[in-house]
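In order, the protein sequences belong to chains A and B. Its first residue numbered 0, the first sequence is counted upward by one per residue in numbering that gives the first Met the number 0. Its first residue numbered 0, the second sequence is counted upward by one per residue in numbering that gives the first Met the number 0. Okay, structure first, notes after.
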Amino acid sequence: MLKRKILIADDAEINREMLKFIFEEQYDIIEAEDGERAIGILDEKAQEFSMLFLDLIMPGKSGIDVLEHMVSKGYMDFLPVIMITGEATPEVEVKAYELGVSDIIYKPFDPMVVMRRTMNITELFEHRIDIEKKLEERTKELIESRKKLEKSNEFLINALSSVVEFRSMESGDHIKRVRIFTGIILEYVRKFYPEYGLTKEQVALITQASALHDLGKIAISDSILLKPGKLDRDEFEEMKKHTIYGCEILENFKQEENEFYRYCYDICRYHHERYDGKGYPDRLVGEDIPIWAQVVSIVDVYDALVSKRVYKAPYDVNVAVRMIHDGECGVFSDKIMDCFDLAKEELFAITELEFIGDEK
Amino acid sequence: MTTKECYEKIGANYDEAIGRMMKDERILKFAGMFLRDTSFAELKAAMESENYDEAFRMAHTLKGVCQNLSFTALYEPAQEITESLREKTRDVELAKSLLPKVAEEYERTTAGINELLQNI
């Protein structure tokens, strides 16, 4: 095995020799008689050294200059440095530690002590570098398995939500559009209304959860769900219960601590609530309605207006926006209306598409 | 003349030095190297040309070497002149007045080492 290398930077030959005799059996010793030369050697082969002994005061570039250079080049991440100095000057010591030296040794030094500390520090560094490497590999694996998991999650959610659509005999694109629109509007909420504290990760989860908003419709009988034309009073009351049925289905798989579960549940239950408290099923008012349910609510209304249904022709996008603004299809907060207006051109463009491919 | 006798003659601390360096021959080797060390000559030159930053560095180096070799008698004035030249608290007159003492101890030390090397 190749001997490992130690670099000694000190302007006094005697001082270098005193370190050299301690280490020359185990290490190859490279010497630099001033800061300038130390920097030159490091730039050429910093990777090869296991330790740098650095004198503080040298002609030309000082020990601190060398450290600053090493920091700027990133050498401190892998090369431990022991500072050698004649006396304790607190401000210089603090500076040296701030720049990342592992230890400071005072002259006159005891060879056995220097040897011990050096072994400890190099072991620590090698161990740390080893751990970092392992961690990096592990992180890579984790990211990959998480990606796989996300893909299969998405697949299952799509499969489940398409069951609902299949039964309602709706075109399969409503749910896809709700998801895309939810993602777009949530992004505006995240950017412009930080008071909701939404993160990018939350936006991604809520967007997925939005696909399940009508899950409860699976429990509505065909005679109501598939009825052409207007529902009568009782039928409409039954239809409204899809919000509750959805939650009942979800409760069978309740995951108390799971964020995603909470979004699915809230969206199923509250996507027909109204900001003025006149929605259903719980007549929640204002910000008691979770922001994710508020977003899915406006998206659901908009898409219902611009889609063709068995009982109605599609509205023009601009007409749909006017109807929402005029409060003909629910009541929304000013913040939600703001985000909807900001997003509407994007929504229009997607509405115009006849076919929606797999979104990225 | 033994290394220990030489150390006593030049006011250096042999016990301390052997405690760290373990072997007499190692001390001898380093003492020999001290004759080649240029920091005192450069300190003197820097004082003469009034380059006090350089003088500080050289005094500092000389002091460090003395510490490592346990040259106590030379270490003391080297330490004092280093402090008098330190930039923040520099006192040039004091440094000038200390230089002869450093020179005196330096001469005594090198003379002692020379004598040792000739009498082995």
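By construction, the Cβ of each residue, glycine as well, lies at the ideal position given by its N, Cα and C atoms. Please read all numbers here as calculations on a predicted model, not as lab measurements.
Against chain B, a Cβ distance below 7 Å from G85(A) picks out H59, K62, G63, Q66. The beta carbon of K4(A) sits closer than 7 Å to those of Y26, D27, I29, E47, F48, S49, all from its chain and outside the five residues before and after it, given in chain order. Taking a Cβ-Cβ threshold of 8 Å, the residues of chain A close to E53(B) are P58, in chain order. Look at D36(B) here: in three-state DSSP terms it is coil, with no helix or strand label. Counting only Cβ-Cβ distances below 7 Å, F20(A) has contacts in chain B at R25, in chain order.
Beta-bridge annotation (DSSP): M57(A) is not paired with any residue.
C-alpha of S61(A) to C-alpha of A95(A): approximately 12 Å in a straight line. DSSP places D9(A) in the coil class of the three-state scheme, outside both helix and strand. Between the region 7-15 of chain A and the region 31-38 of chain A there are three or more C-beta pairs closer than 8 Å, enough to call the two in contact. Out of Y301(A), R308(A), S332(A), N119(A), the CA that lies nearest to the CA of N317(A) is found in Y301(A). Within 10 angstroms of the beta-carbon of N14(A) lie 16 or more other beta-carbons, which makes it buried. The region 63-71 of chain B makes contact with the region 28-39 of chain B: 3 or more CB pairs, one atom from each, lie closer than 8 Å.
Across the region 0-17 of chain A, CB contacts with chain B closer than 8 Å involve D10, A11, E12, I13, N14, E16, M17, in sequence order along the chain. Note that the C-beta distance between F180(A) and L346(A) is below 7 Å.
According to the DSSP assignment, D42(A) belongs to no beta strand (DSSP E) but to the alpha helix (DSSP H) extending over 34-44. Within chain A, not a single residue places a beta-carbon under 8 Å from that of M46(B); the smallest gap is close to 15 Å. The Cβ atoms of V177(A) and S209(A) sit closer than 7 Å to each other. When Cβ pairs closer than 8 Å are counted between the two stretches, the region 276-295 of chain A is seen not to touch the region 304-314 of chain A, the count staying below three. Residue pairing of K311(A) in beta bridges, as defined by DSSP: R308(A).
Contact with chain A is absent for D90(B), since none of that chain's Cβ atoms lies less than 7 Å from the residue's Cβ.
In the three-state reduction of the DSSP assignment, I243(A) falls in the helix class, which pools H, G and I. Taking one beta carbon from each stretch, the region 66-83 of chain B and the region 93-100 of chain B have 3 or more pairs nearer than 8 Å; the two touch.
In the three-state scheme derived from DSSP, where H, G and I count as helix and E and B as strand, K28(B) is classed as helix.
Check the Cα spacing between E250(A) and each of V91(A), C267(A), E237(A), K239(A): the tightest is with C267(A).
A buried status is given to M46(B), since no fewer than 16 other beta-carbon atoms sit within 10 Å of its beta-carbon. Listed by position along chain B, the residues whose Cβ is nearer than 8 Å to that of K94(A) form an empty set, because the closest Cβ is around 14 Å away. Here the alpha carbon of I119(B) sits roughly 40 Å from the alpha carbon of Y51(B). Secondary-structure assignment with DSSP links F259(A) through no beta bridge to anything. Nearest in C-alpha terms to D233(A), of all of I223(A), P227(A), T242(A), is I223(A). Looking at A58(B), P76(B), L84(B), Y6(B), the one whose alpha-carbon comes closest to that of D36(B) is A58(B). Excluding sequence positions up to five before and after G182(A), its CB lies within less than 6 Å of the CB of T206, all in the same chain and listed in chain order.
With respect to chain B, the C-beta atom of D109(A) has a partner C-beta closer than 7 Å. Annotation: Cβ neighbours of K106(A) in chain B (cutoff 7 Å, chain order): G63, Q66, N67. Its chain contains T181, S209, H212, I266, H270 as the residues whose beta carbon lies nearer than 6 Å to that of V295(A), once the 5 sequence neighbours on both sides are disregarded; these appear in chain order.
For E140(A), the uninterrupted alpha helix (DSSP H) run begins and ends at 110-167, by DSSP. Taking M0(B) as the centre and dropping the five residues before and after it, the same chain places the C-beta of L115, N118 closer than 6 Å to its C-beta, in chain order.
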